[in-house]
Amino acid sequence: MSAVKSTLKDIFKSKEKLTTESLAPLVNGLAILFPITETLERTIGKEDVSGLDDVFISSIEANSSNLWNAATICLKDCNPDLVEFMCEVKLLGSILLSIHQNLKESLDGKLRCLKCMIKVFSNCVDENKFTLARKAQIYADKYLTSLEKIVHDSDPQKTELESQRLDLLFTNVEMAIKDQDFKMANIYLSRCELEKKANISKPSSIIEFCRKIFNACVLLNDTVKESTQGEAGKVVNNNLEDQVIDFLKKAANFLSLEIKYEPIAIYKTVKFNILMLLVECYLRKGDNESLMKCESCISFLEMIYPDKAEPYILGINLLKKTKPIDLVLFQQIVMKMIMNVDMKNCFDFMLSTINDFSNSDVLNTLHCLDYLITNKLNQEEHSDNFELAVNTRIWITINKEYEVSVSTKAKDLQGFMNSVEKMLTKGLSKEACLGAIVLFWTTGKKELKKHCAEHAIEWLRLASHRLIIPNLDDFEDVCKIQRSLIKGYLELYQYDHAFETYQKMTDKEQKNPLTIYLIFQIFKAREDEGSLRKCIKLLADDDSNLSGTVLAACLAEFKNNVEIIVEGLMALIKHSEREVDSILVAVAIRCNLQLILSESVKTNELNIKKSYFKLLASLLQATYGYVCGYEKRTESQTSSNVEKAIEIYSAVEIEWLSSNLFNTARYCYDSKLFAEGSSLANFSQKFTILLLNRCDNLNHKEDLAVWQMKTMLLELLCDYELYKLDKKGEEDQSVDKITVEKIIGKSILLKEFITKRGYPLEICDSEHASTYENKEYGIGETFVSITKTSNCPKSTYKNILQSILNHEFERESISISFVSKLGRFIIGDFLESDNDLCASIANLIFSRIIAMKEKTYPEQELVWLATSFWNFGVSLIILGDLTNGSPWCDKAFQFAGLANERLEMQFRTLWPQLLKAGGR
């Protein structure tokens, strides 16, 4: 007996550890204690009470009760991983109570043990711990059988025993349903005989039983909803769903028994949940019979739960199963829901349902919304819901299509907003107002894009209604609405209305570039030149990037007055340094350059014509700078932006400009406006070079190169005519020299182009040959410098230098410095390839220097020539060609003697050694 006492004490110690943070160490201990306890429960009896004092026996009862209660408390909020452990501890406490009952038997004690075992059984089933549940079930069945033998019908404990028997059967039913052992579940249900014994069981127990059936059916329903492949799976699901429906119906019938359930708060909740799940199952089955039963259930739900939204939701779902939908019934359900259900609990769903209804019947939806807003929502109590409903009403009216004109819609909303305004005790929130404004404004903008200005104006007027904008000055973006309104009026040619709207804008917004663009259209239509100039001045004075873009847009559309266009273009040139819309700038420049080009050709007044060309030159310079600047900016950006730049200034655009400039330059040449023609031809050439830099097509590149030659030739012709005019007029010689240098440079480039393409050189001879007629300007020296820095072919280069050399040696005033430089150019490039030419030139240079008898010689140039001759002669002698090498060394002696006696002595000292090395 002492061993029993010691074992029980060890078990009771575990009760204290249930309240500690870590229960894991008890798991292993429980696995050892549990079989010992079960053995004690089976073997210990009343005859073993000897050796156990009453205090210890009483402590068994107290400690086992405490253990059972502690586990019950822990089960309410313990870690899910420890639920099974807690159930096992609770069962352990119940077994210990059974041990106490064995030591000190009593009818009430047995009844208490039965209750504990049934409770543990119920807990295990609820937590789906079926192995442990079956163990508790065995103990419960044992005590029930024992009590049924000793409790008689006349005993006061009979009623309690019957109640416990029903609770045990209820739990058996729940476990059988969860196990999907429906046959056993029905057997247990038949044993309950609730219809006959409802008065024996407590109403709370029956409600709890129905709740258990509901929970079990929820699990089965989740299984049914899972997708199952194949026809066999569908059959299994259908059978399972039939069982779910059957048990839900039985649970609903139990709750309909003539028992006073009403005072019990959970009764309505359980019954409501059961019926809702039953309707869901009927809806999912979808056959006619199920749908009829579903309709009956929903009607019943609406009757006994009129203030709940869910029955109406199911009613709408049921309606959606029918085709076509009964719209009258749909509206009735929606209206019943609006009238009966508390808005606080289901407003979101109600609004969602109304939105769904609007897909089928817009007008009745609007009626429902109007009733909801005017009768069920109070701004003070339901501020957010009220505002959301108002905006929903506006959104549905605008966006849903139904057989009503836009004007009718606008009038309807006007009346609705007037009514809402009267209901308000305070203004709508800023968020609600902004939401409504955006709805009207975006709708109006869409209509403008579709060129439906009349419709757009209807919506834009509503965007500034007093309900949503009580004070125009308080809404910072009202200017956007006003500008959209002006656009609508302009499209309808209603300039007076447009100007009235403009006058309502603030001073700041009237000076906004976007507003100025719109008002520019009004003044353009009215031909108000003074106001147009004011608009251009406002845009020109504005430093924002937007003003440049707007100015470009205005000028692209305006062609009525050249003077105003000139003013605008000059302002646009000023803005071209800013980040403006490049497309608009390109369009404006093209349109107005074309206008000025045509006007300059049309006019017969020479002064006006020249003023046009002067302006044109400034604009072309700005245009060229803008295009080049834009492309430089895009070089540092992504390739996509580079493509954008090419798209803005496309090849077609630039070709058009270059062609028109060339044609106008030809006109200027024919009209003897040579300065203007030269300038235009030069710009035509610059734009052609831009095209050449972009072009990848070789054939097209060749065509562009020919075009470049034409522009260059035209410019050369104009410059040459200017040169002749200047020469005749004996104007300033410095200006004349610049012109000559330009002509020479162009001549060389033309020779280079022509030579590369195999054309006869005579085509350009006349252009440059005449430039040598005026010897006093040192033209030959200028020509040499330009030729040396150009990239022309060597053959062309040699021909040009020879031509210059022939002309220069005819002059008496030629300098030794230039002669030496000229010789260095030719000999440096052609000494090895053309010996005869270089020898001839060397002789000419030496004889010319001797003949000039100057006291000082360009030592550096002559040393270079002497050294070059010496090195060339030495290389020939070393190779064994003394005959050809010796004359070059003689020339080296000659030039060295002129430049530096020491250099000459050095050459002559080396000469014998050189002859010896050469084999003499």
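Quick note on numbering: the sequence shown equals residues -18 to 901 in the numbering used here.
Quick reminder that beta carbons are idealized off the backbone N, C-alpha and C, glycines included.
Check: Own chain, CB closer than 8 Å to residue 804, minus 5 neighbours either side, in chain order; Outcome: 822, 823, 826, 842, 846
Check: Extent of the continuous alpha helix (DSSP H) run through residue 292; Outcome: 291 to 301
Check: Under the three-state DSSP convention, the category residue 260 falls into; Outcome: helix
Check: Own chain, CB closer than 7 Å to residue 480, minus 5 neighbours either side, in chain order; Outcome: 503
Check: For residue 430 and residue 330, the rounded distance between their alpha carbons; Outcome: 36 Å
Check: Residue 138 in three-state terms, based on DSSP; Outcome: coil
Check: For residue 653 and residue 749, the rounded distance between their alpha carbons; Outcome: Legend: pLDDT at residue 749 = 42, less than 50; position of this residue unreliable, no value from coordinates given.
Check: Buried or exposed by the 16-neighbour rule on C-beta atoms within 10 Å, applied to residue 67; Outcome: buried
Check: Nearest-angstrom beta carbon gap, residue 668 and residue 638 [assumed within contact, 8 Å]; Outcome: 6 Å
Check: Presumed contact (8 Å Cβ cut-off) between residue 151 and residue 193, rounded CB distance; Outcome: 6 Å
Check: Own chain residues within Cβ distance below 7 Å of residue 417, not counting five before or after; Outcome: 372, 375, 449
Check: The segment 317 to 327 touching the segment 277 to 294, judged by at least three CB pairs closer than 8 Å; Outcome: yes
Check: 6 Å Cβ shell around residue 402 - same chain, five flanking residues per side excluded; Outcome: 448
Check: Status (buried if at least 16 other CB within 10 Å, exposed otherwise) for residue 292; Outcome: buried
Check: Cβ pair residue 907, residue 807 closer than 8 Å; Outcome: Past the edges of the chain, shown from -18 to 901, lies residue 907, and the structure says nothing about it.
Check: Beta-carbon proximity check, residue 95 vs residue 18, cutoff 8 Å; Outcome: no
Check: Rounded straight-line distance, which links the Cα of residue 358 to that of residue 342; Outcome: 23 Å
Check: Secondary structure of residue 486, DSSP reduced to three states; Outcome: coil
Check: Nearest-angstrom Cα separation, counted from residue 404 out to residue 477; Outcome: 36 Å
Check: Closest by C-alpha distance to residue 149, when choosing among 441, 129, 98; Outcome: 98
Check: Distance CB(residue 290)-CB(residue 322) smaller than 8 Å; Outcome: yes
Check: Span separating the alpha-carbon of residue 388 from that of residue 661; Outcome: 58 Å
Check: Chain-order list of residues whose beta-carbon lies under 6 Å from that of residue 425 (same chain, five-residue window excluded); Outcome: 437, 440, 441, 465
Check: Alpha helix (DSSP H) segment containing residue 494, residue limits; Outcome: 494 to 507
Check: Rounded distance between the beta-carbons of residue 175 and residue 238, thought under 8 Å; Outcome: 7 Å
Check: Supposed contact pair residue 801 and residue 839 - C-beta distance, whole angstroms, cut 8 Å; Outcome: 5 Å
Check: Whole-angstrom C-beta distance between residue 308 and residue 345, which should lie under 8 Å; Outcome: 7 Å
Check: Reference residue 11; option with closest CA among 43, 37, 63; Outcome: 63
Check: For residue 839, the three-state DSSP class (helix, strand or coil); Outcome: coil
Check: Status (buried if at least 16 other CB within 10 Å, exposed otherwise) for residue 681; Outcome: exposed
Check: Short Cβ contact (8 Å threshold) for residue 545 with residue 513; Outcome: yes
Check: Residue burial classification, residue 550 (beta-carbon count within 10 angstroms, cutoff 16); Outcome: buried
Check: Simplified DSSP state of residue 191, which is helix, strand or coil; Outcome: helix
Check: Minimum length 4: unbroken alpha helix (DSSP H) runs contained in the segment 365 to 406; Outcome: 387 to 404
Check: Sequence-distant residues of the same chain with beta carbon closer than 8 Å to residue 460, five excluded per side; Outcome: 486, 487, 490, 493, 496
Check: Neighbourhood of residue 663 by C-beta distance below 6 Å, restricted to the same chain and skipping five residues each side; Outcome: 696
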